[in-house]
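Here the protein sequences line up with chains W and L, keeping their order.
With the first letter of the first sequence counted as 1, position 182 gets the number 182 in this note's numbering; the numbers rise by one all the way through.
With the first letter of the second sequence counted as 1, position 238 gets the number 1238 in this note's numbering; the numbers rise by one all the way through.
Glycine residues also receive a C-beta, built at the ideal position from the N, C-alpha and C atoms.
Accompanying notes for the structure given below.
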Amino acid sequence: MKARTNEASAAVASIDEKTRLRLYQVMVELRDFEQRAYELFVENLIRGTSHLALGQEAIAAGCAVAMRNDDYTFCTYRGHGHTLARGASMAAAIGELLGRSNGMLHGKGGSMHLTDVTHGAMGSYAIVGAHLPIAAGAAWSAQARKSGQVAVCFFGDGTTNIGAFHEALNLAVVWKLPVVFVCENNRYMEYTPIESVTAVAHPAADRAAAYGLEPILVDGNDADVMYETAARTIGHARSGGGPSLVEALTYRHGGHSRGDPASYRPKEEVSDWLSRDPVKQYRQRLASTGIDDGTLTKIEEASRRKVDVATDEARKAPPARIEDIESQVWSDGGSAWRN
Amino acid sequence: MAELTFREAVAAGIAQEMERDTTVYFIGEDVAAAGGVFKATVGLLDRFGAERVRDTPISEQAIVGAAMGAAMTGLRPIVEIMFSDFLATCWDMIANQVAKTRYMTDGQVSLPLVIRTANGGGSRFGAQHSQSLENWAMAVPGLKVVAPSTPADAKGLLAAAIRDPDPVLFFEQKSLYGIRGEVPDGEHVDSLGTARVLRSGKDCTIVALAAMVPRAMAAAAELDGIGINAIVVDVRCLVPLDTRTILGEVSKTGRLFTVEENPRLCGWGAEIASIVAEECFDDLDGPIVRITTPHVPLPAAQSMEDEAMPTVARIVDTVKGAMR
Ligand SMILES: Cc1ncc(C[n+]2csc(CCOP(=O)(O)OP(=O)(O)O)c2C)c(N)n1
Ligand SMILES: [Mg+2]
């Protein structure tokens, strides 16, 4: 199977300039945010863990820009970018990483669980595969309420081998749910190459037929391709056509999680993928289509400022409040289990 | 008052709430066209239609996961997990996702959903279709846990569970499905977190749950005959737990016996025993005694299963022995 690339698609060529600049802006912001997260980790300010999506920005940007404001995003522990791409606050995201009171979850979730329901970011889930059925459920609710909303669910290549993936796909097809499943195939499940533990070459696309779905394999490092794929599959879902399963080929620039040097990856493989950096690649494309350097530089400078301001705000915030330990287990705001 | 079976009361509770609230949906395996393997949902498909009452594939993770996603986004789903033993196949969804997401997001989402499940032994189904698993649920912060013992409570507590804004695990003891009882006419909604005192007495307090409640009542009647006068409390709801009623009823007699269908370790009775020991130690006149199934998987043969679960005779003998 051959991945759908930029050259292959006429629809890609017709993406307007405003959308392209937006795609670039989102990618740059996600890149800068993740770099900052890495720096804060090196500074030993981030306790616990974090899973960066450096190198995978085109998928988050392409899909988020194609979504309607009230659509739903469900993502994994590698979910900073997906959450921010929907419009969540950067200061609140950094605050959560640092365990501060200004955190998006007020310190209760941490890096792996960024959620901002007000922007349709319905959660980052840290048990592999769990959020696929949950995304199907949100799509079921949208269908029942006739709201026209679509759920978009992001997960890794490794996730295609857990039962919840298959249960969710089957249910979504049987109930014709408005959900788009996006597999970010970054070639590794933690430290193990995906092909060494998977029955088929393309972990998602090769399984699509088992659920009566079209196999969709795309270049996940190309923001235009991702945008066009997302727009098409989301539109299909919105118009009652049911779910799609997209496999987007990509690569994480760093390790699986904090502290992983990723030395299990062949050097040539790494350099090959680094040469296809989605952000740099897209800048070149925009420049080659006549967008002047000043416009792009302005986007880049604004992004760095945004990350700096957010970092300052989070650094200044006090630690997460101990008074909150026993709050919000229940809808009454408390945690009482007895009278 | 109409006389209903427990299974009819379950269906009546669901119907009452589906009628009242159009965001209530009901899904599960064989629940719609077939009316459930225990026939506890007969008639709902005809009454509410295939949009709101749906059969699912054998996908417990997808069933609970879908309910969670729907509950986060404006529906009030009820799901059926056919046997509580199958909760093990979707325990990630229940314990990691449903129970924790409200807390982890500091209240950004609410999860008004009910997971109904057929629970417990007495049906000779063997160890994978007979477990009494309410303790698993009780051990996870973020889950409410209900286990009714009568048709009236099945309807009233189920209605309360459906209206509750938080996730509720609703355990229906399968040997109770056929029992009959009076159920109030018209709308019937009970309150979670309320135990019920079924009998008053002066010598000891027996606290029981679900199918153990009628056994505790039968035992109390026998104990009367030998001069031991027992209070019987039906716990009804493990989370929230009505400790006020339990502590009050224990203080009256100074003796506590729990009757638990679950295997011994970490049964709900252990938690109640610990609360009573901590908070009304001075009122106790003797040791707290737990009557449970031994710590074994439940055997299938009638002769074995019947003796493994707490019997009326074992309750009587244990209380008699301890009160001497
Ligand atoms: C059920 C479960 N098993 C194992 C893990 C540990 N784990 C966390 S991430 C991960 C790899 C997942 O790989 P993939 O789906 O490809 O996502 P990626 O991390 O590459 O984005 C594993 C095994 C987990 N969180 N949940
Ligand atoms: Mg991967």
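- Between L1143 of chain L and A1152 of chain L the beta-carbon gap is near 24 Å, outside 8 Å, which marks them as no contact.
- When the beta-carbon positions are compared, V128 of chain W and V180 of chain W stay at least 8 Å from each other.
- In this structure, P1165 of chain L lies away from R1236 of chain L, with their beta-carbon atoms at least 8 Å apart.
- With contact defined as three or more Cβ pairs closer than 8 Å, the stretch 1300-1315 of chain L and the stretch 1214-1227 of chain L are in contact.
- Not a single heavy atom of ligand 1 lies less than 7 Å from the C-beta of E1182 of chain L.
- E1029 of chain L has a beta carbon lying at 8 Å or more from every beta carbon in chain W.
- By alpha-carbon distance to G163 of chain W, the top candidate from L:V1197, L:F1086, L:E1060 is L:E1060.
- Below 8 Å, too few C-beta pairs join the stretch 1171-1178 of chain L and the stretch 1274-1293 of chain L to call them touching: fewer than three.
- Not one heavy atom of ligand 2 is found less than 7 Å from the C-beta of D260 of chain W.
- Nearest in C-alpha terms to D308 of chain W, of all of W:F33, W:K146, W:C75, is W:F33.
- In the three-state DSSP reduction, S124 of chain W falls in the strand class (E or B).
- Here N185 of chain W carries a strand assignment [DSSP, helix/strand/coil].
- In the three-state reduction of the DSSP assignment, D222 of chain W falls in the coil class.
- DSSP places K280 of chain W in the helix class (H, G or I) of the three-state scheme.
- Residue burial is scored here from C-beta neighbours: D1185 of chain L has fewer than 16 other C-beta atoms within 10 angstroms and is therefore classed as exposed.
- Taking CB atoms only, E1051 of chain L has a neighbour in chain W less than 8 Å away.
- In this structure, DSSP gives M1082 of chain L an extended state, which the three-state scheme calls strand.
- In this structure, the C-beta of I162 of chain W approaches ligand 1 to less than 7 Å from one of its heavy atoms.
- For the C-beta of I134 of chain W, the chain L residues within less than 7 Å are, from N- to C-terminus, G1065, M1068, G1069, Q1097.
- Placement of the Cβ of D157 of chain W at a distance of less than 7 Å from at least one heavy atom of ligand 2 is found.
- In this structure, the C-beta of N186 of chain W approaches ligand 2 to less than 7 Å from one of its heavy atoms.
- For S1251 of chain L, not one C-beta of chain W is nearer than 8 Å to its own C-beta.
- Chain-ordered listing is empty here: chain L has no CB closer than 9 Å to the CB of L84 of chain W, the nearest sitting near 16 Å.
- In the DSSP annotation of this structure, E301 of chain W is not part of any beta strand (DSSP E); the continuous alpha helix (DSSP H) holding it starts and ends at 293-316.
- The beta carbon of Y1025 of chain L falls within 8 Å of a beta carbon belonging to chain W, placing the residue at that interface.
- Contact between T1101 of chain L and G123 of chain W is confirmed by a C-beta separation of about 7 Å, below the 8 Å threshold.
- Here E1260 of chain L carries a strand assignment [DSSP, helix/strand/coil].
- DSSP, read as helix, strand or coil, puts G156 of chain W in strand.
- Collapsing the DSSP output to three states places Q1131 of chain L in coil.
- In the DSSP assignment, S244 of chain W falls within the beta strand (DSSP E) that extends over 244-249.
- It is roughly 31 Å from the alpha-carbon of G1028 of chain L to the alpha-carbon of A199 of chain W.
- Between ligand 1 and the CB of G129 of chain W, the shortest heavy atom gap is smaller than 7 Å.
- A direct Cα-Cα distance of roughly 8 Å separates S239 of chain W from G148 of chain W.
- For I1231 of chain L, the closest of L:V1239, L:D1242, L:R1255 by C-alpha to C-alpha distance is L:R1255.
- The beta carbon of T1150 of chain L does not come within 8 Å of any beta carbon belonging to chain W, so the residue lies off that interface.
- Per DSSP, the unbroken beta strand (DSSP E) holding N1119 of chain L starts and ends at 1114-1119.
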